[in-house]
Structures are given as C-alpha cells and as structure tokens.
Amino acid sequence: MKQKLFTLVAALLLSAVVTAQEVKPWANGKLKVSDNQRFLQFENGKPFFWLGETAWLMPEHLNRDEVDFYLKNCHEAGFNMAQVQVLNDVPSYNIYGMPSHDRQGKLLTAQPYTYWDHLDYIVDIAAKNGIYIGMVPIWGGLVKDGKMNADQAKTYGTFLANRYKDRPNIIWIIGGDIQGDIKPEVWETLATTIKAADKNHLMTYHPRGRYTSAKWWSKASWIDFHTFQSGHRRYGQRMGNKDYPIPDNTEEDNWMYVDSTWAYKPIKPVLDDEPIYEDIPMGLHDASEPLWQACDVRRYAYWSVFAGSCGHTYGHNAIMQFYREGYIPSYHCDKPWTEALHAPGFHQMKHLKHLMLSFPYFERIPDQSIVLDNGTKYERLAATRGNDYLLVYNYTSRSMKVDLRKIAGDRKKVWWMNADTGTLTWLGEYDNKVLTFRPEKPVTGISDGVLIAIDASKQYLSKDQRQINTAAAAGPAVDRNE
2 MKQKLFTLVA
12 ALLLSAVVTA
22 QEVKPWANGK
32 LKVSDNQRFL
42 QFENGKPFFW
52 LGETAWLMPE
62 HLNRDEVDFY
72 LKNCHEAGFN
82 MAQVQVLNDV
92 PSYNIYGMPS
102 HDRQGKLLTA
112 QPYTYWDHLD
122 YIVDIAAKNG
132 IYIGMVPIWG
142 GLVKDGKMNA
152 DQAKTYGTFL
162 ANRYKDRPNI
172 IWIIGGDIQG
182 DIKPEVWETL
192 ATTIKAADKN
202 HLMTYHPRGR
212 YTSAKWWSKA
222 SWIDFHTFQS
232 GHRRYGQRMG
242 NKDYPIPDNT
252 EEDNWMYVDS
262 TWAYKPIKPV
272 LDDEPIYEDI
282 PMGLHDASEP
292 LWQACDVRRY
302 AYWSVFAGSC
312 GHTYGHNAIM
322 QFYREGYIPS
332 YHCDKPWTEA
342 LHAPGFHQMK
352 HLKHLMLSFP
362 YFERIPDQSI
372 VLDNGTKYER
382 LAATRGNDYL
392 LVYNYTSRSM
402 KVDLRKIAGD
412 RKKVWWMNAD
422 TGTLTWLGEY
432 DNKVLTFRPE
442 KPVTGISDGV
452 LIAIDASKQY
462 LSKDQRQINT
472 AAAAGPAVDR
482 NE
C-alpha cells in the first residue's frame, strides 16, 4: 500500500512538473496595456515584463535546427521576446534559397516549403519556448528606397495579419530604424491594415536612433505602446549629424527618453527597443573604436527600466545578424553567433526581469528624490520605488545617500544585488531615515548593482535569500500586489 501511495505521489509530482513546463505566458490571456497606461499585462491582470532579444535576421539566416537551438537558448536565458525583421529585402531569401516574392513583387506562397512556411516555423518554435515574436514586417530602409508603397503595404499587411492573427505569440513592430515622417503613408497603411484584421495583438513602432515613436505617432489609433532607440553612440560621439535630436553629451543617457516620450499625450507604456549591442563598436562604423561590454548593456537596461520603462530589449552584434563564416559581416563583427550565445550580457538580463517581478508591479514609479547628492553620466544613481520598496541602481559602486523615508515602514530591511550575477547580500535592518551606503568597490572593472530596501514588515525577500527569485521565469508572472 505504501509503495502504491509513493508511486501515486511521484506520478502526481511529475505531472505537476510537466504541467508547469507546458504553461505558456499567454495562458494568462492576451496582452494589453495596464490601467495606469505605463505597463503591459495579461488579461487576467498579471504583469508582463518585456525582456527582448534582438534577432533581426533569423528568418533569412537560420535553418530549422538552428531556430530550435537559438530559441531554446533564449528561453533558458530568460528572454520572453525575440524581435525579427520579416523582410530584409524585396524579395528576401531564406537559408533554403526560398524567396519571399517573385520578380513581379507577388508574394510566393505555393512552393513546397516557402519563405513564409519557414517564418511560420519560427513563430511556432518560439511559442513552444514561451517566447513572443516581435514581428517587423519590413525594414525601414526598404520603404525609404521605394521597395514598398502604400498600395503594396495594404496587400502585404492583409496577408500578414490573416496569417498570424490567431497565433498567440505575436507583437507587431511597425517601422524599423526609420523616422515616422519618411513615407508616413506606407507606415500608416501597413499599421491600420494589420490592426483592422488582427484584433488580438499589440502594436508599436521601432524608430531611428535617438528618437521615440511618440514624436510621430502619439495620436495614432493603432499604436498601443511606444519604443525608443537610444542607439549605439557614446557620450560626445555626435558624428556630424546635422539633425541631432538630443542635446550633445547625452548620447548614453537612455533614461531621458522615458520622460521625453511621456511628454507626449496620451501617455502609453514605453521601452528601449534598441540600445547599444554587446560587442559592437561604439558608434557602429569605426573598427578602431572600443566595443560595448556586458556592463554597458546592463547599465542601459537598469537605467531605462528604473526610469519607468515597461521592459527592455538586449542585443548582441553577432546574434542580431546571425553572423558566421560565409556571410558578409556588418559592423566589424568577427564572432559567430553560436559563440555569442555565451556572452555574459546575454545571460545577465534575466536578473533585471526577476527583480522587477519580485515586488508589487503596477504601483512602481521612478523617483530620483530617493537619492541625495546624485551624480551625472556614469555617476548617476537611478532610483525607482513602490509603496513599500525602493531600488537604486549604482553603476560605479560609488557612495550613495538614500532616503529610506520615501517608502512605508518604520524599519527597513536592506540588501545589495549584484547586477552581474543576481546574487543578494544581506546588509541589515535600519531605522527609517537618510543613510549612506558604500558598496564594495572592485580593484578593477565594474561591479554594478542595486540597493534594495523594503518595509521590514514585508516578506518580498528573506534575509537568508542568496539569489533574486527566479520563480517568475518558470511560468506566468505573478504580481504580488494582488
């Protein structure tokens, strides 16, 4: 009898594990904008923290086995979004030599394994891994060069919308590294056509570097949330742009795009959809320039999210173009994409997602008044809080004066989270006042992290916890504000 009971319990536990593994984010319902217009959530009220991976050329450069391998790695690294450009040219060709269009520009859908069948496969394997596809229908430069007009956009948008409107894991990204006032009739037609046929999925716009989509589309009925592209330039790297849309020497301050986007009305959620890429030259075009490192991509992620972004997109020079021997590299890439899957930044983004999902989600606001005697550029401390917790990101391990009175509670429990590893260090319990904290500085390099302070009566974290909670990554995100 005991043996039978043990077998039954084991079977139930195994069933529970399998069930948990099979649960996908969209089991919580469709994605929507939160009631306060600053975040994304599921229909059942649970939060969706966008953690994107940049996979622009996946439809063109990966075969089926490689698609499986790549998306499995994305899932294991904590990503829930992979953004791809459907067309890199007209026609585009995939790795099997199948074109998207014939010579007259007509979509080819009747071959044994078409370009579009391969795109279907990508969407399906992403769904198997619990990953949304951020689908960019056509890259901006192609529209600028006249390879799609408004009439063609209507035909193409109808085709795409009808093909993917019933897939659970689609988010539409109109544009593609382009200003909205370049061929706006094409973007408007493409967006409204897709929206007319597809009522199931959210839509945004991917702008040119150092721009926000709100500049052109703040009043557009079809845009659900905004993105900005903070771009790839370092401080002072103006590079001769006559129409530079931001003040000089703010190139790395991606946090400022959140406020500048919310200056447009109505307010919508926003995120940095293309920040600096790991292992790409600063400024992109000069091979002699230093490469952006993992600590840089972490800084951009925490700065943006702590300023109020609803998520973040990571990118790696080799992965975004899926470079390998035989392809012509862009931006001086010399590393195969499979090797880049081991890049530190690729595996460190999940710590930010886990951190955000560890506390009441929808009440969180940016609040720089938490920090006294703040600095500028790399010395700037980024602060955000809820009602009973606060977080301060510190890039340089500088001394920081923090006002613990900004959140509820007579006493505060305090931790330090290493942004590199996600490990937690218990710092102690403190009175409710302004205190100075001094993170341990490394002998060399960067050791950035987050100061976490919580109302001592709350149990979001435990004193003996050594890692930021990863439970949210295993299934639907849970909002502790229920």
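Per this note's numbering, the sequence shown starts with residue 2, numbered consecutively. Cβ coordinates follow ideal geometry from the N, Cα and C atoms, glycine included.
- Residue nearest to Asp244 within the set Glu253, Gly210 and Trp57 is Gly210 (criterion: CA-CA distance).
- With fewer than three CB-CB distances shorter than 8 Å, the segment 45 to 53 does not count as touching the segment 102 to 117.
- Going by DSSP, His343 is part of no alpha helix (DSSP H) at all; its letter is neither H nor E.
- Taking C-beta separations shorter than 7 Å and ignoring five residues to either side along the sequence, the partners of Lys148 in its chain run Val91, following chain order.
- Contact between Ala83 and Ala111 does not hold, since their C-beta atoms are separated by about 28 Å, which reaches or exceeds 8 Å.
- Its chain contains Gln180, Phe229, Gln230 and Pro246 as the residues whose beta carbon lies nearer than 7 Å to that of Tyr212, once the 5 sequence neighbours on both sides are disregarded; these appear in chain order.
- Here DSSP, grouped into helix, strand and coil, assigns Pro282 to strand.
- Val24 sits in coil when the DSSP states are folded into three classes, being neither helix nor strand.
- DSSP places His313 in the uninterrupted beta strand (DSSP E) bounded by Gly312 to Tyr315.
- In the same chain as Lys155, and ignoring 5 residues on each side of it, the C-beta atoms closer than 6 Å to its own belong to Thr190 and Thr194, in chain order.
- Per DSSP, reduced to three states, the secondary structure at Gly141 is helical.
- Shown here for His352: same chain residues with a beta carbon closer than 7 Å to its own, the five before and five after excluded, namely Ala420, Gly423 and Ile469 in chain order.
- Within the segment 210 to 287, complete alpha helix (DSSP H) segments of at least 4 residues are found at 215 to 218 and 257 to 263, given in chain order.
- Counting only runs of at least 4 residues, the segment 430 to 459 fully encloses no alpha helix (DSSP H) element at all.
- Taking a C-beta distance under 9 Å as the contact criterion, Pro208 and Lys216 qualify as a contact pair.
- Distances from the CA of Tyr278 to each of Gln38, Cys334, Ile183 and Ala454 were compared; the closest alpha carbon is that of Cys334.
- In the DSSP secondary-structure assignment, His333 is not bridged to any residue.
- Between Val451 and Trp417, the C-beta gap is smaller than 9 Å, which places the two residues in contact.
- Taking Asn74 as the centre and dropping the five residues before and after it, the same chain places the C-beta of Leu342 closer than 7 Å to its C-beta, in chain order.
- In the displayed model, Thr424 falls within a strand according to three-state DSSP.
- In the three-state scheme derived from DSSP, where H, G and I count as helix and E and B as strand, Ile183 is classed as coil.
- In the three-state reduction of the DSSP assignment, Thr205 falls in the strand class, which pools E and B.
- Using a C-beta cut-off of 8 Å, the segment 301 to 310 makes no contact with the segment 318 to 325, since fewer than three inter-stretch Cβ pairs fall below that distance.
- One thing to note: Gly429 has its Cβ no nearer than 9 Å to the Cβ of Lys442.
- Between Thr251 and His227 a beta carbon distance of about 19 Å is seen, past the 8 Å cut, so the two are scored as non-contacting.
- Note on Tyr332: 16 or more other CB atoms within 10 angstroms of its CB, so buried under the neighbour-count rule.
- Annotated as proximal: Trp27 and Asn170, with beta-carbon spacing under 9 Å.
- Looking at the DSSP output, Gln86 sits in a beta bridge with Val137.
- With respect to Leu382, Tyr394 sits close: the two C-beta atoms are nearer than 9 Å.
- Gly135 is not a Cβ neighbour of Ile96, given a cutoff of 9 Å.
- Within the DSSP bridge table, the entry for Tyr165 names no partner.
- Here Val403 is bridged, per DSSP, to Val372 and Leu436.
- Excluding sequence positions up to five before and after Leu88, its CB lies within less than 8 Å of the CB of Ser101, Pro138, Ile139, Trp140 and Leu143, all in the same chain and listed in chain order.
- Excluding sequence positions up to five before and after Asp368, its CB lies within less than 8 Å of the CB of Ala384, Thr385, Arg386, Leu391 and Lys407, all in the same chain and listed in chain order.
- Assigned with DSSP and collapsed to three states, Trp117 falls in helix.
- In the DSSP annotation of this structure, Ile172 is not part of any alpha helix (DSSP H); the continuous beta strand (DSSP E) holding it starts and ends at Ile171 to Gly176.
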